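Which chain is which? The protein sequence lines are A and B, in order.
For the first sequence, our numbering gives the first residue as 3, with consecutive numbering after it.
For the second sequence, our numbering gives the first residue as 28, with consecutive numbering after it.
Ideal Cβ positions, reconstructed from N, Cα and C, are used throughout, including at glycine.
From a predicted model like this one, the values you see are computed outputs, not experimental measurements.
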Amino acid sequence: MAGYLVRRIFAALMILLGVSFITFVLLYVLPADPVRQIAGRSATAQTVENIRQQLGLDQPLLVQYGRYLAGLVQGDLGRSYLQRTEVSTLIASRLPASLLLMAGGIVCELLIGLTLGVIAAIYRGRPLDQGLMVTSFVAVSAPQFVVGLLLLYVFAVQLGWFPIGGYGTLAHLVLPAVTLGIMGSGWYSRMMRSSMIEVMRQDYIRTARAKGLTRGRILFRHALPNAILPIIAMIGIDIGIFMGGIVVVESVFGWPGIGQLAWQAIQRVDIPVIMGVTMVSAAFIVLGNLLADIITPFIDPRIKMR
Amino acid sequence: MIMPQQAIAAPLLSVRGLTVSVRDRGVVRPLVSDLSFDLRAGETLAIAGESGSGKSITSLALMGLLPANVAVTGGTLMLDDTDLAQLSEARMRPLRGARIAMIFQEPMTSLNPVQSIDAQLIEAIRAHDPVGRTVAREQAIEALRQVRISEPARRMGQYPHELSGGMRQRVMIAMALALRPALLIADEPTTALDVTVQREVLDLLRDLQARTGTALILITHDMGVVAQTADRVVVMQAGRMVEEGPTTRIFAAPRAAYTRDLLAAVPRLGAGAARGAPPPPEAPVPVARLSRASVHYDVGANLLGRPTHRVHAALGVSFDIRPGETFGLVGESGCGKSTIARALAGLVPHEGLIEIGGRPLSAMSARQRKEIRRDVQMVFQDPMAALDPRMKVGDAVEEPLVIHRIGTPAERRARARDLFRQVGLGDDQMSRYPHEFSGGQRQRICIARALALRPRLIICDESVSALDVSVQARVLALLQELKDGLGMSYLFISHDMAVVENVVDRLAVMYLGQIVEMGTRDQVFGNPQHPYTRRLLEAVPVPDPTRRSRGHLRPTGESPSPLRRIGDPPAPAALIDTGHGHLVAPHSA
Chain A
3 MAGYLVRRIF AALMILLGVS FITFVLLYVL PADPVRQIAG RSATAQTVEN IRQQLGLDQP
63 LLVQYGRYLA GLVQGDLGRS YLQRTEVSTL IASRLPASLL LMAGGIVCEL LIGLTLGVIA
123 AIYRGRPLDQ GLMVTSFVAV SAPQFVVGLL LLYVFAVQLG WFPIGGYGTL AHLVLPAVTL
183 GIMGSGWYSR MMRSSMIEVM RQDYIRTARA KGLTRGRILF RHALPNAILP IIAMIGIDIG
243 IFMGGIVVVE SVFGWPGIGQ LAWQAIQRVD IPVIMGVTMV SAAFIVLGNL LADIITPFID
303 PRIKMR
Chain B
28 MIMPQQAIAA PLLSVRGLTV SVRDRGVVRP LVSDLSFDLR AGETLAIAGE SGSGKSITSL
88 ALMGLLPANV AVTGGTLMLD DTDLAQLSEA RMRPLRGARI AMIFQEPMTS LNPVQSIDAQ
148 LIEAIRAHDP VGRTVAREQA IEALRQVRIS EPARRMGQYP HELSGGMRQR VMIAMALALR
208 PALLIADEPT TALDVTVQRE VLDLLRDLQA RTGTALILIT HDMGVVAQTA DRVVVMQAGR
268 MVEEGPTTRI FAAPRAAYTR DLLAAVPRLG AGAARGAPPP PEAPVPVARL SRASVHYDVG
328 ANLLGRPTHR VHAALGVSFD IRPGETFGLV GESGCGKSTI ARALAGLVPH EGLIEIGGRP
388 LSAMSARQRK EIRRDVQMVF QDPMAALDPR MKVGDAVEEP LVIHRIGTPA ERRARARDLF
448 RQVGLGDDQM SRYPHEFSGG QRQRICIARA LALRPRLIIC DESVSALDVS VQARVLALLQ
508 ELKDGLGMSY LFISHDMAVV ENVVDRLAVM YLGQIVEMGT RDQVFGNPQH PYTRRLLEAV
568 PVPDPTRRSR GHLRPTGESP SPLRRIGDPP APAALIDTGH GHLVAPHSA
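Below, the structure written as structure tokens:
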């Protein structure tokens with residue numbers, strides 16, 4: 003177990019190193035010039051050059067990257083070009099909101115997705131199943147900004163059940179979390195359905211029936227734990243997809259998280275902030291996958307960590 | 028109080044005119060027609076038949092576990108005074124596990140992989156008996172003790188994957204018998220098990236039945252198992268009962284033609300000796316030669332990701348295959364016989380020396396290895412899995428010629444046509460797909476494909492094990508006929524001692540990756556020296572109810588494992604010649 007963790011954490015650090023390098027290079031070759039953004043349109047060539055030197059942007063790529071890495075290992079993500087604040091401070095102030103939204107999104111997608119998947123599997127081939135699968139297809143295909151606006155219009159504007167935007171109470175969380183979770187719930191209901199159908203065909207389910215167990219017990223004690231195994235690994239991967247969704251959902255609902263921060267930073271070529279948000283997101287994705295792998299052996303005794 | 032005589036004699040189970048049908052795209056087709064039999068308490072009834080005979084469907088009908096599109100469409104299933112066919116699911120469920128229990132063919136997949144043994148046993152007890160968890164736990168441990176599992180208390184905390192196939196089947200039996208059901212249905216309970224384990228499980232079933240008075244329905248295709256276990260037999264074919272009667276009578280004087288054919292097709296130990304032909308002489312260059320060949324797999328990982336353990340799948344294996352010879356490789360699952368086959372075909376890396384036609388495999392380039400595959404072809408166990416379901420069988424047989432760029436398309440077609448005729452199929456069947464053929468026909472197609480390149484050696488890895496006995500006999504005859512006509516050699520790998528005895532010239536017995544005995548058929552079968560060889564031979568169920576053998580029951584633990592720490596390899600045993608090339612590994616007994 004200890005050896006497994008050490009190796010996995012080492013691998014995780016390598017992945018983060020790779021992500022940092024690729025993102026850095028991409029931002030370097032970007033045609034947009036961050037210095038122009040900072041100096042403004044009326045600045046003289048001299049001012050522009052001064053700023054460039056001041057930020058070290060006149061140095062070769064590898065030198066810049068080396069400096070960034072040196073800061074990174076000390077926990078220094080650099081300073082925002084435009085907001086004159088430490089990037090780590092910016093992210094720290096925004097992160098809790100995003101984590102809350104993400105947690106809400108995961109709960110929504112699992113709750114909706116797994117429940118509907120199980121129901122569809124039980125009613126396999128019947129109208130209820132077919133209806134649910136069409137719905138899930140719509141959920142997967144609908145763009146998040148459309149879903150978000152639709153939910154806003156119906157539940158906030160027309161019905162007035164939830165606030166239109168902002169952050170603070172549980173009521174504020176509901177609509178953004180549902181918007182974020184709805185796409186994933188479509189995927190999960192389909193996966194859960196096929197996983198359940200596969201498991202219900204297994205010999206040990208026949209054994210459970212031969213024992214004279216009730217339908218409910220067969221479903222919840224024998225089928226479900228086996229059917230959920232392949233889903234767990236998906237949740238880890240999902241966090242990556244969520245990071246993309248968060249940028250959209252936070253903009254639609256005015257949610258003060260790192261998605262909004264990233265959106266603003268991209269528009270203004272605020273490279274340290276873009277790098278910082280990317281690194282933090284990558285860290286969460288890697289961590290999510292690691293967690294999924296650590297949880298699996300507790301449910302599936304056949305898998306040993308090594 | 029007077030016990031009425033009829034009550035004792037009244038059958039526990041009385042099946043009358045049972046008809047089970049499947050509804051397939053609106054068409055109703057019977058799977059079992061008009062089946063009738065009786066079963067008394069404490070009695071063992073075997074329902075014997077080949078695939079498609081409806082024997083498993085009958086057992087599922089009794090359990091009320093028929094698939095959704097299959098239903099009982101006629102007849103009665105009286106268990107005491109209850110007609111099982113008329114019961115609703117809600118009234119059937121309390122009977123399952125309590126009054127009628129069932130064990131299945133596949134012990135490897137019949138237990139829930141994510142639940143511990145105790146959870147599954149206790150659940151079975153508490154589903155019908157409202158006892159507390161502690162009491163149920165004690166009952167569960169007692170049930171494990173009854174099936175003679177070693178250290179039952181410790182086993183309770185284990186998971187199915189930690190147990191061997193035989194142990195899992197014992198757990199299944201413990202689960203089935205925990206509540207002392209009146210009727211136990213065992214559907215091919217030992218088919219997936221090794222022969223020595225099969226023997227132990229059958230003895231155990233017999234012993235438990237004698238003590239509990241449970242009636243047993245044994246569903247099997249194996250006439251040896253029938254002869255050794257059953258009081259009475261129902262022989263089924265294509266959904267109908269062909270014959271019914273006491274086991275001794277059925278074996279001594281079968282009335283139906285089908286029963287006679289079935290019994291005639293059963294391979295019997297001792298029948299091979301009658302063939303009497305000596306093995307082909309040694310040639311200057313053997314078709315294949317192994318000298319101290321070993322194959323190992325590394326498993327586990329330490330802090331640096333290096334493996335910690337090594338599976339010695341084959342260790343120091345030496346033998347040669349002569350031109351025109353059938354060389355047998357026998358042993359139980361995991362003994363390394365298939366590993367040797369794969370190494371010979373160049374599919375896994377090996378240590379030591381493997382020569383094909385006098386040329387060492389390890390010295391060959393990738394191209395030469397591809398060339399050598401023309402000389403060594405394989406026929407596998409599962410003919411369905413070995414054929415591409417989306418490729419016409421004619422194309423499948425032609426494919427080896429295409430891969431090795433032999434001939435023009437017209438020549439290849441002509442060769443494939445010849446091959447189809449050689450294996451007893453019509454060339455008009457070449458444009459069909461694998462699913463349109465029966466298991467035996469598919470195996471013939473696989474043989475035709477293996478023959479396409481005119482190989483010098485064909486490796487038959489359990490090639491007839493998945494086939495019904497009557498089909499098996501015909502495929503074996505075909506293999507013999509082809510060898511006589513074409514003069515190639517076979518490496519015949521099987522777990523079935525009776526089949527091996529009927530086809531091989533010489534053989535090697537493998538145990539835990541090593542050869543423990545090797546010699547001609549007459550040497551090994553006529554005068555087995557190693558205790559393991561003897562155990563294998565004794566365990567083979569004899570298809571003769573007058574020669575019933577009873578083994579003694581002993582508790583079983585884990586079997587020894589070929590898994591060792593790295594740096595601690597097992598010692599390869601040097602074989603000793605006990606005379607005329609009969610080689611035996613040193614042993615204590």
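- When only Cα atoms are considered, Q449 of chain B and R471 of chain B end up about 9 Å apart.
- For G124 of chain B, the nearest CB of chain A lies under 8 Å from its own CB, placing it at the interface with that chain.
- Per DSSP, S458 of chain B lies in no beta strand (DSSP E) segment and is marked neither H nor E.
- Among the bridge pairs identified by DSSP, R337 of chain B is matched with B:D325 and B:R591.
- With the rule of 3 Cβ pairs closer than 8 Å, the segment 313-323 of chain B counts as touching the segment 369-388 of chain B.
- Within the model, the alpha-carbon separation for A179 of chain A versus L103 of chain A is close to 6 Å.
- In this structure, G540 of chain B keeps its C-beta atom at 8 Å or more from the C-beta atom of A237 of chain B.
- For chain B, the residues of the segment 194-216 of chain A that bring a beta carbon within less than 8 Å of one of its beta carbons are Q204, D205, Y206, R208, T209, A210, R211, A212, K213, G214, L215 and T216, in chain order.
- Under DSSP, M405 of chain B forms a beta bridge with B:I486.
- Secondary-structure assignment with DSSP links D214 of chain B through a beta bridge to B:I246.
- Residues of chain A with a Cβ closer than 8 Å to the Cβ of P121 of chain B are, in chain order, G214.
- The shortest CA-to-CA distance from T161 of chain B to any of B:L66, B:Q173, B:V174 and B:A180 is the one to B:A180.
- As the crow flies, the alpha-carbon of H614 of chain B is around 36 Å from that of R483 of chain B.
- Within the DSSP bridge table, the entry for I603 of chain B names B:V611 as partners.
- Within the same chain, A163 come within 6 Å of R153 of chain B by CB-CB distance, once the 5 residues on both sides are set aside.
- Contact between the segment 499-518 of chain B and the segment 431-447 of chain B is absent: fewer than 3 CB-CB pairs across the two stretches fall below 8 Å.
- For E398 of chain B, none of the residues of chain A pass the 7 Å Cβ criterion, the least Cβ distance being about 40 Å.
- P299 of chain A is outside the set of residues whose beta carbon lies under 8 Å from a beta carbon in chain B.
- Excluding sequence positions up to five before and after G102 of chain B, its CB lies within less than 6 Å of the CB of R43, G44, L45 and T46, all in the same chain and listed in chain order.
- Listed along chain A is no residue with a C-beta nearer than 9 Å to that of N529 of chain B; the closest approach is about 33 Å.
- In the structure shown, V201 of chain A falls within a helical segment according to DSSP collapsed to helix, strand and coil.
- Note on the segment 253-303 of chain B: whole alpha helix (DSSP H) runs with a minimum of 4 residues are 274-279 and 284-292, in chain order.
- Under the three-state reduction of DSSP output, G421 of chain B falls in the helix class.
- Relative to C110 of chain A, the option among A:F244, A:P129, A:Y155 and A:P36 whose CA is nearest is A:F244.
- Where S516 of chain B is concerned, there is no enclosing alpha helix (DSSP H), although the beta strand (DSSP E) around it starts and stops at S516 to S521.
- Following the DSSP letters along the chain, one finds R396 of chain B inside the alpha helix (DSSP H) bounded by residues A393 to I399.
- Ranked by Cα distance from T71 of chain B, the options B:L235, B:K397 and B:M90 are led by B:L235.
- Short of 7 Å from the beta carbon of A294 of chain A, and not among the five residues preceding or following it, lie these beta carbons of its own chain, in chain order: I234, A235, I237 and G238.
- A residue is called buried when at least 16 other Cβ atoms come within 10 angstroms of its Cβ; W163 of chain A does not meet this threshold and is exposed.
- At a cut-off of 8 Å between C-beta atoms, T136 of chain B counts as an interface residue with respect to chain A.
- Of the candidates B:H339, B:I367 and B:R333, B:I367 places its Cα closest to the Cα of F346 of chain B.
- Contact of P227 of chain A with chain B by beta-carbon distance below 7 Å involves V141.
- Nearest to I268 of chain A by alpha-carbon distance, out of A:A4, A:L177, A:A14 and A:L29, is A:L29.
- For M129 of chain B, the closest Cβ of chain A is nearer than 8 Å.
- At a cut-off of 8 Å between beta carbons, P232 of chain A makes no contact with chain B.
- Interface with chain B (8 Å Cβ-Cβ cutoff): R128 of chain A is excluded.
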